[in-house]
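Quick note: to get this note's numbering, add 218 to the position in the sequence shown (first position is 1). Think of the CB as a built atom: it goes at the ideal place given N, C-alpha and C, for glycine as much as any other residue. Quantities reported herein were computed from a predicted structural model and do not represent experimental measurements. Below is one structure, written out as structure tokens; the observations come after it.
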Amino acid sequence: MGESFQKKLEQKVYDILFDLEDELDLDVKKLPEIYYVGKNFNFYSLNIDGTHFFTFEYVKKNNIAAFLPHYSIILSRTLNEGVLAEENGHFLFEQFKVGANNPADYFARETLSEMIGFFSSKLVDSKRKNNLKRDSLDNSKSIKDIFDTVKLHFDSGNEEDLIHEQGYMLGEKLYHKYISNQISKKEIKKFILKPLKGKFETFYEFYNWKYHILR
């Protein structure tokens, strides 16, 4: 049964990836590794850092999927196309970005990855809902306000909540602007291919998308 699901999962993930590649006119040079996380699947067979064990267990217990960017691995216990499209979106985003060396850039990089992930999931499953409606940055009037809010979430260990909240919200806005021709395929492709290497460059890219392009 596990082997059958593995083959089905690989086929579905790659089909979705190729559809997204065509939709956004991208040229993917490599493919992610795909693993179906069945009940008997052994984490240690992956030969990856043990810090990812929590993610592995979370996927296994909640029937979801996750992308591990350092290894270009997608772990999944679901064949849901919207969920798989989101992880493929993360994979596409990560192909053209570099690492972040400070909390602000890390927050921005991960948020923009979630934006492309949720946008991709909506392209595949337009009925997918964003249930994270709160905007923790709604009252932020300046860049300093945003920095302070991000720092507060990092200090309290809640940065992932803020990242998903902002990323899903921006991804939904991006999807609606895209299907209404307010943002072009060319603009999205240009963003995905942009390397974002300088200090705070990724943060200012997030700021531009949230407060200008997708306001």
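Inter-residue distance for residue 287 and residue 390 is about 22 Å (C-alpha atoms, whole angstroms). In terms of Cα proximity to residue 419, the closest of 320, 354 and 430 is 320.
For residue 294, the enclosing beta strand (DSSP E) covers residues 291-294.
With distances taken between CA atoms, residue 315 lies nearest to 408 out of 297, 241, 408 and 347. In the assembly as shown, residue 229 is an exposed residue. Its beta-carbon has fewer than 16 other beta-carbons within 10 Å.
The C-beta separation of residue 368 from residue 303 comes to about 27 Å, leaving the pair out of contact by the 8 Å criterion. Spatial neighbours of residue 377 in its own chain (CB-CB distance under 6 Å, excluding positions within 5 residues in sequence) are listed in chain order as 371.
In the same chain as residue 362, and ignoring 5 residues on each side of it, no C-beta atom comes closer than 8 Å to its own.
Taking C-beta atoms as the reference points, residue 254 and residue 223 count as a pair closer than 7 Å. Under the three-state reduction of DSSP output, residue 322 falls in the helix class.
Between the alpha carbons of residue 383 and residue 327 lies a gap of roughly 14 Å. In this chain, the beta strand (DSSP E) harbouring residue 253 covers 251-254.
In the structure shown, the three-state DSSP call for residue 432 is coil. The residue from 341, 256 and 331 with its alpha-carbon nearest to that of residue 240 is 341. Distances from the CA of residue 432 to each of 394, 404 and 416 were compared; the closest alpha carbon is that of 394. Beta-bridge pairing by DSSP links residue 286 to 291. Here residue 331 really is in contact with residue 311; their C-beta atoms are around 5 Å apart, less than 8 Å.
The Cβ atoms of residue 334 and residue 307 sit closer than 7 Å to each other. The shortest CA-to-CA distance from residue 296 to any of 281, 359, 290 and 309 is the one to 281.
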